[in-house]
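Encoded as structure tokens, the structure appears first; notes follow it.
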Amino acid sequence: MPSSVSARYRSALNAGMMTETRGCNEGTWVARCARAPPRDGGDAPAHCADEQGICACCQRHAGTYERRGLGGWDKSLPRRRLFMIISLVKATAGPVARALTGSAARVLMYHRFSDGPDSRKLSVRLFERHLEYLTRRFRVRRLGDVVAALREGRPLEDRTVVLTIDDGYADFVTYAYPALSRYEAPATVFLVSRFLDGDLWLWFDAVHYMLTRTAATSRDVYVGGEPLRLDLSSRDARDRAWSTVGERLLRLSTGDRAAAIASLGAALDVCLPQRPTENYAAMTWDQATQMDRALIDFGSHTCTHPVLSRCGAAELAYEVRESRQLLARRLGGVIDTFAYPHGEPADVDARAVEAVKSAGYACAVVAVGGPLARRPDLLQMERVPAATDLEQFRSTVNGVEFLANKVRAWRQAAAF
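Under the numbering used here, the first residue of the sequence shown carries the number 278, and numbering increases by one thereafter.
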């Protein structure tokens with residue numbers, strides 16, 4: 278998604294798109310040495326891909342680099358030492374952060390998958406690189422096993438990671454499930470129960486379909502009673518329009534949201550098909566029942582994927598309870614894990630948490646956060662969105678970003 282897409286919508290609509298769509302080179306930044314030309318004019322040393330330390334070449338040259346494009350820097354010994362320190366930090370940040378946060382489990386969050394470029398999906402090749410990295414450096418465990426240990430007060434294994442996938446799209450079956458099977462990596466899939474019936478459009482997908490199918494290049498519309506001018510002149514513009522419309526729709530009740538989407542379709546002169554088209558389709562019930570249950574657990578993601586904080590009491594109870602009962606009937610076994618739709622603080626209020634508790638779930642996960650606390654709230658367990666950039670993914674899963682955010686918060690607090 279373009280950088281102009283709001284962070285709130287990027288994260289809150291993570292059920293329909295990938296978060297963290299930054300573009301960077303492959304590899305892990307925590308393992309890379311500072312890149313700068315040697316003072317003698319020779320070639321800069323190649324990057325070192327060893328996370329355990331920097332290469333001998335960089336150790337030899339780290340003190341003789343000067344920063345590209347910033348001429349006039351002092352070439353005194355303190356500067357050279359600074360470059361050495363930077364190189365060492367970059368080389369060791371991942372392992373150090375992993376060691377410092379190793380006892381805290383990470384619950385990773387995924388959504389959609391593809392076999393090629395798609396801003397709303399994670400490529401299966403990159404997903405396989407995620408799995409390769411995780412299975413070599415972490416212990417991939419089932420969510421139910423982690424929750425059981427936490428409930429019983431048992432310590433978790435160091436470097437525990439849990440994989441979760443939301444919604445239940447057909448592309449999970451096509452791309453992600455075979456990859457998980459190859460790496461023998463267990464995962465929990467949170468299903469929108471009515472979505473699997475095949476005739477329910479997830480609301481953000483309906484909006485996306487309309488905005489990408491309309492022949493209009495601009496349109497004045499009303500969303501939530503407020504006027505809005507949509508620029509639809511390019512693909513990026515339509516992505517921005519999707520962000521803007523979605524941001525407003527998140528604030529509405531379920532009924533008002535449905536009415537607004539119908540009005541949007543009329544304004545754009547787009548008729549929504551009765552069933553989701555291939556790009557937006559769910560897996561089938563048969564596909565779900567045929568999966569290896571030793572590898573795949575299923576949890577509830579409500580019946581229709583509403584914004585729970587905008588639901589009335591009866592609707593809230595129905596979405597939370599009925600989805601659990603339906604999944605248990607159709608798939609067998611006990612459904613005791615839950616994922617809040619959209620999952621940001623504005624989407625999960627105290628009523629939603631109480632409804633999940635009353636329905637008998639053992640745990641529930643949100644869509645934001647970092648490594649789990651030693652004694653987390655099992656009804657609001659944090660998750661880490663899986664970045665679509667490999668460097669960012671490694672940095673996040675190792676805990677580098679988590680520690681950096683802690684330091685920033687400490688510095689901000691100290692400033693007051």
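Glycine included, each C-beta is placed from N, C-alpha and C at the ideal position. Given the structure is predicted, the values throughout are model-derived calculations rather than measurements.
{"query": "Compute the distance between the beta-carbons of Gly542 and Thr465, then report whether it is under 9 Å.", "result": "no"}
{"query": "Is it right to say Asp482 is buried, meaning 16 or more other beta carbons lie within 10 angstroms of its own, or is it exposed?", "result": "buried"}
{"query": "Is it true that the CB of Ala544 sits closer than 9 Å to the CB of Asp574?", "result": "no"}
{"query": "Determine, using beta carbons only, whether Gln657 and Val625 come nearer to each other than 9 Å.", "result": "yes"}
{"query": "In whole angstroms, what is the alpha-carbon distance linking Pro455 and Leu403?", "result": "14 Å"}
{"query": "Could you please give the first and the last residue of the uninterrupted beta strand (DSSP E) stretch that includes Phe467?", "result": "Ala464 to Leu468"}
{"query": "Please specify which runs of the alpha helix (DSSP H), each continuous and at least 4 residues long, are wholly inside the segment 524 to 554, giving them in chain order.", "result": "531 to 545"}
{"query": "Report back the beta-carbon spacing between Leu549 and Val584 to the nearest angstrom; my notes put them in contact at under 8 Å.", "result": "Between Val584 and Leu549 the Cβ distance is about 20 Å, and since that is not below 8 Å, they are no contact."}
{"query": "Out of Gly393, Arg416 and Arg397, which has the shortest C-alpha to C-alpha gap to Leu385?", "result": "Arg416"}
{"query": "CB-CB under 8 Å to Thr448, same chain, minus the five flanking residues each way: which ones, in chain order?", "result": "With the sequence shown as reference, residue 448 is identified as Asp, and Thr is not the correct amino acid for it. Within the same chain, Asp448 has close Cβ partners Arg389, Phe390, Ser391 and Lys398."}
{"query": "Are there three or more Cβ pairs, one per stretch, closer than 8 Å when the segment 409 to 424 is compared with the segment 524 to 540?", "result": "no"}
{"query": "Thr581 and Leu477 look like a contact to me (Cβ under 8 Å); what is the Cβ gap, rounded to whole Å?", "result": "6 Å"}
{"query": "Hey, could you find the ends of the beta strand (DSSP E) Tyr499 is sitting in?", "result": "Ser495 to Val500"}
{"query": "Since Val674 and Arg383 are thought to touch, with beta carbons under 8 Å apart, how far apart are those beta carbons, to the nearest angstrom?", "result": "6 Å"}
{"query": "Are there three or more Cβ pairs, one per stretch, closer than 8 Å when the segment 612 to 623 is compared with the segment 638 to 651?", "result": "yes"}
{"query": "Where does Glu503 sit, in a helix, a strand or coil, going by DSSP?", "result": "strand"}
{"query": "Please tell me whether Glu596 has its Cβ less than 9 Å away from any Cβ of chain B.", "result": "Reference to chain B is not applicable here, since this structure consists of a single protein chain."}
{"query": "In the DSSP output, which residue or residues are listed as bridge partners for Arg416?", "result": "Thr437"}
{"query": "Considering Ser635, what are the terminal residues of the beta strand (DSSP E) in which it resides?", "result": "No beta strand (DSSP E) contains Ser635, which is instead part of the alpha helix (DSSP H) from Ala627 to Ser635."}
{"query": "Would you tell me roughly how many angstroms separate the C-alpha atoms of His695 and Trp519, rounded to the nearest one?", "result": "Here the chain comprises residues numbered 278 to 693, so residue 695 is not present and cannot be evaluated."}
{"query": "Measuring straight from C-alpha to C-alpha, what distance separates Glu277 and Asp422?", "result": "Residue 277 lies beyond the stretch modelled for the chain, which goes from 278 to 693, so this question has no answer here."}
{"query": "Could you please give the first and the last residue of the uninterrupted beta strand (DSSP E) stretch that includes Asp574?", "result": "Ile573 to Ser577"}
{"query": "Across the segment 564 to 573 and the segment 587 to 596, are there enough close Cβ pairs to call them in contact, namely three or more that are closer than 8 Å?", "result": "no"}
{"query": "Looking at the secondary structure, which residues open and close the alpha helix (DSSP H) in which Ala641 lies?", "result": "Here Ala641 belongs to no alpha helix (DSSP H); instead the beta strand (DSSP E) covers Cys640 to Val642."}
{"query": "Pro662 and Leu427: beta carbons closer than 9 Å?", "result": "no"}
{"query": "With which residues is Val661 paired in a DSSP beta bridge?", "result": "Leu385"}
{"query": "Taking just the CA atoms, how far does Tyr446 sit from Tyr557?", "result": "7 Å"}
{"query": "On a CA-only basis, which of Met560, Val522 and Asp613 is nearest Val633? Give me that one, please.", "result": "Asp613"}
{"query": "Figure out for me which residue from Leu509, Val522, Leu649 and Arg671 has the closest Cα to the Cα of Thr437.", "result": "Leu649"}
{"query": "Using alpha carbons as the reference points, say which of Leu420, Ala514 and Gly609 lies closest to Ala462.", "result": "Leu420"}
{"query": "Return the chain-ordered list of same chain residues with a C-beta closer than 6 Å to the C-beta of His603, the five sequence neighbours on each side being excluded.", "result": "According to the sequence as given, residue 603 is Leu; it is not His. Here the set comprises Ser470."}
{"query": "Taking Ala616 as the reference, which of Val630, Met487, Asp474 and His407 has the closest Cα?", "result": "Val630"}
{"query": "Closer than 8 Å by C-beta to Ala590: which residues in its own chain qualify, once you throw out the five before and the five after it? Chain order, please.", "result": "Arg628"}
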